[in-house]
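Step one of this worksheet: look at the structure below.
Chains as they are written, first to last, in full-length UniProt numbering: chain V, 1 to 360; chain U, 1 to 360; chain Y, 1 to 360; chain R, 1 to 360.
In structure tokens, the structure reads:
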């Protein structure tokens, strides 16, 4: 069950990086929603590597096919199976690594857990597993947009030590984010980020960074008290993405240095429907439940573990070795992580929105 | 189901701050484990307010009673119901707040969610809800200690801008943590933290901070791939604690500034059983699965929302008001949050340890 | 998690027959429902043994207490904890049985499963465990009655070879059912059932029988396709009750002898709201989903395993022994099973009604 | 989540009868199990219609493909996605039925539930949905056979009023069951069953019947107390199969007429490992937990709702109509139901066997 996410809007992903296919099955999507592959493909294409000189050159087509749950362009309320065939299967690139666990990768822990080594490509721990998430997330987004008016936009807010200062731009949109190859909506910052990535690449090294996500058009009342708080579900969702090491919501770690009188968000009247807050240090969530303000959170990605430079480590028998990656590697996962963060946010919000509808 | 945590070792908490009782039911604790109230009470007592001049003066006895699942001092493998009666019921203190939602508190969002206002004391959003977690966490800890050799110790590593520098002490223990009222294992830092808390208290204000948690005696292989990764489950668990705004594991946000070659933890031989790592920037978790090194993570707590100082805000109708808390308030939740963080870590680890045992 | 039932309206029961208390925690009951102990106690009292000469003489008070989730007579939407203290703790009666597993009882299988023998009273396998179900079921019934107009009435339709012929009476009600001590709504049949029970009792023996349950005021559309069909959930619920060996819905096993043309229920027009069926061989469920007609099903209970007569069997070591029960025994569980069947039906319907509300 | 079955060994099915594909994803199958399509295909082929003159002539290839979770002939412990493409898509046959709900079919209830009518072939309510179950069940069976020594064999024990008397043959096997087209292991009874089916077919009518299932090689201790008893899980599993109206375990409904002294199964010594029972009226399950004896249960199937004969009913607007099926219909689902019952039994046992392994 560890490959399933959600309680009412439930997604199960499947697929190894070098098996026949990857994909997802969504159980619990409401009926009557307009849906076709065209709603899903753009996010898969955004997730694809090889889209710019900055990211991994492995070429993948990643065409999604809806196998079930949709008839005549409308969802039936039945499970929606989404499939992306794997086209490039080159296990040879990875074969050499088998006697040496790659440092800070999943090789060692998977072997300890399962007692079998995945033959190739890291199996389920590969970034390719995120295809199922992105496909399912696009369906969740469609539902949220059509039925609740919710918009989700993520962007790269830091690469190594280069950080986007200040608030996200008011006209934040995916188009604006995609205007630069690093997916940072500020062109100047994006350029400095690009330099950091190129420099690491030239050294056979990698960089990490931060993805910020903003969700607008949220109704107050989403999130379930105690263990399924909106904060808790975002925490689980984001820290299930490969290479993540942290999440902060609203003021986050910086907010721990404030006093309560500075940090509290005073309420203000909004025309007609409920209250708003003058500031949003809460990041749109109070007591674990959405308050109607934009939900804002930041996700920390460590530098990619697979690097071109040689590493001094030991093999499974404990013998010291020098390890160098054979295949080409991705010096910065951040731009490709943007649609994955958006997808996981959509899976969280779709589930909690439907759970809220289950009252009474 | 939002009050249930875990898949195999499952905990359901119940209770409002001013109802008859709070508590928890654990379903899935293995049979044959030695268990009595004496295993649980110490953590409840550590959680209690009023233990020092630094924390809230509300006096609570918080005596736990095991209602079921234990016979002759041994668990039966059946549900363990744990009950703590509420003794101090003084809803009057909170009654005035009802027409005005407290800023950055759960009042507004709960009302938007449920359409009813909890009469008193914040209902389930009260810190008192954590009693059920702490009681259940103590049972999980007992199982982990007796059956797996696991030890969990949390401490306050930052209060406002005062931060404990460097690595946690090698002889970290609960006794050492409890040696100072702020529960910081470095006496000098603890003293400076105390000053920050006293200063805030004098101003009718509050401070936030960071709790760090270290889990030792972990076997490699705990954590389920994809959505139930150890990172993901810690994320959900910690961000379900009231007032939390972030979590980082291992190198966390600071690690995003490193290059892969600096950040990767090289493997080293360990005598006999598996490999270790020379450094622990992974925080004991790789690919979402424990690698046997200590699990280390940090949790951000915002400053307490309830403050004594007057706040400018609006009531539910949108009219501007000055709001001042009537009851005495807790200027710093951090010392009391320590056993809560430990409890949630125990609930995560107990569940994943048992899930790992379900293989094959 | 095996003590939890339901997906949205979730019940977890706890308690051994001779521990401190038995009870249940309900997570997912909607807020704003009028609820007090008075809504729950009548069903617990109906479940109590010792209410007539026909049933077990063990005297229990079984007073329920609501510990949480209700404030000022209204549900809060938070977990509702229900507790019934155990008053009669006489483990001595059962102590002798420990070296010999009682035939067709749970002694042997529990020992094989857990590796520990419950000291007294059969632990969780005792009929006393059903108190938690009946208490929670009464809450579910309250919600169904107030919010959906649903009524649930069960009755004893067979004891040994005495069977109630024909359709249940049109004016079926709990009062009518309770008019006879065996809880059969036909006085003549009830009298013959009573004779069977008395005869078995005189022989130190026991009898089985059938409980029929009728649920009226059902909306069309309850039940989730595939594995959570209304039939499937009733099957799970009823076959989780101790001593049950079968369930049939609508025409059941007798219907397997009909042809399709005889068995199909033709649709008929109903004034205004949807269609009805001219006959109800479907038992109110088609394709696993309610069609709005009354839900009718029958549950088979084997004769009570604990009997007064000596039984030839073997002890745990395989030595042949004569086993005789020491305590007084209940020759017929059927009348007391009536409120348990009603409770489980209520838990199924409340959950599926709320799940249906979670669409869209 | 209604398309998911199991807690540790979890199966999610997907697919409409006339969409692109049907299939299943299994999450929780242990790693290191030898598995290929050849382990799955035989049961799918047994499930196929058109295998004899007795069953529906619609020709389907039903070739299964493993998309993930298996590498080099061994399971990885990751989700196993199983896909069967739909080849015959002839929605025209069913189009006429759309304004008239077929009596005792799922048309009406699905429309009431979802507010949309499945365009063709009954959508998820079609028998074709069982392909995913049979494929997943074959994987569960493989695990049970290889790791636990469990064998599952089902057969047709009644068609209309023709019933197989006495105990199942001692040499019961799938080969023996498949020796007759009706899948009844007694040739004489099988012939009389065939006559009933042919007679119904000649009349454009249908017949129902009973499938009996025997599971051997069961360890004592499978089944979780209270709501996940082995009886309860079998109840849910079997009553989730289309057209089922009842299940009885061991002595079932007939056992309700016995006295306790007759019904109880005395224990007997077995060489070395635990006890057995002299009789098996318990059907291998006591207190909801397996006792090591064969598990035996019977499932009631109503006569197929779709018949060739005209039926007097009403359309969705309430107008009286004569309804006749256009496509050819299957007069008796029983032989094809045999592998479905086996599959569901395997899914129950695999899950409970793994849950038992999670103790300690």
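Glycine included, C-beta positions come from ideal geometry on N, C-alpha and C.
Annotation: residue 26 of chain U to residue 224 of chain U spans about 21 Å, alpha carbon to alpha carbon. Along the segment 186-245 of chain U, the alpha helix (DSSP H) occurs as fully enclosed runs of 4 or more residues at 187-202, 230-238, listed in sequence order.
Residue pairing by DSSP places residue 290 of chain Y opposite Y/285 in a beta bridge.
Taking the beta carbon of residue 25 of chain Y as reference, the chain U residues within 7 Å of it are 12, 14, 25, listed in sequence order. DSSP places residue 139 of chain Y in the helix class (H, G or I) of the three-state scheme.
Residue contact check for residue 188 of chain V against chain R: no CB pair falls below 8 Å.
Across the segment 308-324 of chain V, CB contacts with chain U closer than 7 Å involve 309, 311, 312, 313, 314, 318, in sequence order along the chain. Take residue 128 of chain U, set aside five residues on each side of it, and the residues of its chain with a beta-carbon closer than 7 Å to its own are 17, 22, in chain order. Measuring C-alpha to C-alpha distances from residue 357 of chain Y to each of Y/111, Y/293, Y/63, Y/147 identifies Y/147 as the nearest. Contacts with chain Y at 8 Å (Cβ-Cβ) do not include residue 191 of chain U. Against chain Y, the CB of residue 268 of chain R has a partner CB under 8 Å away; the residue lies at that interface. For residue 347 of chain Y, not one C-beta of chain U is nearer than 8 Å to its own C-beta.
Taking the Cα positions, residue 185 of chain U is about 38 Å away from residue 344 of chain V. Taking the CA atoms as reference points, residue 155 of chain R sits about 43 Å from residue 176 of chain Y. Contact between residue 210 of chain Y and residue 299 of chain Y holds: their C-beta atoms lie close to 7 Å from each other, under 8 Å. One Cα belongs to residue 200 of chain U, the other to residue 324 of chain U, and the distance between them is close to 16 Å. Between the segment 282-299 of chain U and the segment 181-197 of chain U there are fewer than three C-beta pairs closer than 8 Å, too few to call the two in contact. Per DSSP, the continuous alpha helix (DSSP H) segment holding residue 38 of chain R begins and ends at 37-47.
Residue-level contact check: residue 354 of chain V does not touch chain R, since none of the beta carbons of chain R fall below 8 Å from its beta carbon. Against chain Y, the CB of residue 239 of chain R has a partner CB under 8 Å away; the residue lies at that interface.
According to the DSSP secondary-structure assignment, residue 80 of chain Y is paired through a beta bridge with Y/26. A check of alpha carbon separations from residue 280 of chain Y across R/44, R/103, R/87, R/99 identifies R/103 as the nearest.
Residue 136 of chain R and residue 262 of chain V have their C-alpha atoms some 57 Å from each other.
In the DSSP assignment, residue 298 of chain V falls within the beta strand (DSSP E) that extends over 295-301. Taking residue 182 of chain V as the centre and dropping the five residues before and after it, the same chain places the C-beta of 156, 190, 193, 194, 335 closer than 6 Å to its C-beta, in chain order. Residue state for residue 68 of chain R is assigned as coil, using DSSP reduced to three classes. Fully enclosed alpha helix (DSSP H) runs of no fewer than 4 residues occupy 174-178 of the segment 145-188 of chain U, in order along the chain. With 16 or more other CB atoms across the displayed protein chains lying within 10 angstroms of its CB, residue 250 of chain U is buried.
Going by C-alpha positions, residue 8 of chain V is about 22 Å away from residue 347 of chain R.
Residue contact check for residue 224 of chain U against chain Y: no CB pair falls below 8 Å.
Ranked by how close their Cα comes to the Cα of residue 319 of chain U, the residues V/264, V/272, V/161, V/286 have V/272 in first place. Considering only beta carbons, the part of the segment 286-297 of chain Y lying closer than 8 Å to chain R consists of 286, 287, 288, 289, 290, 291, 292, in chain order.
Among the bridge pairs identified by DSSP, residue 14 of chain R is matched with R/23. Closer than 7 Å at the C-beta level to chain Y, one finds these residues of the segment 246-276 of chain R: 246, 247, 248, 249, 250, 251, 252, 253, 255, 256, 257, 258, 259, 260, 261, 263, 264, 265, 266, 267, 268, 269, 274, 275. Under the Cβ distance rule, residue 130 of chain U does not count among the residues neighbouring chain Y, no pair being separated by less than 8 Å. For residue 161 of chain R, the closest of Y/138, Y/253, Y/220, Y/188 by C-alpha to C-alpha distance is Y/253.
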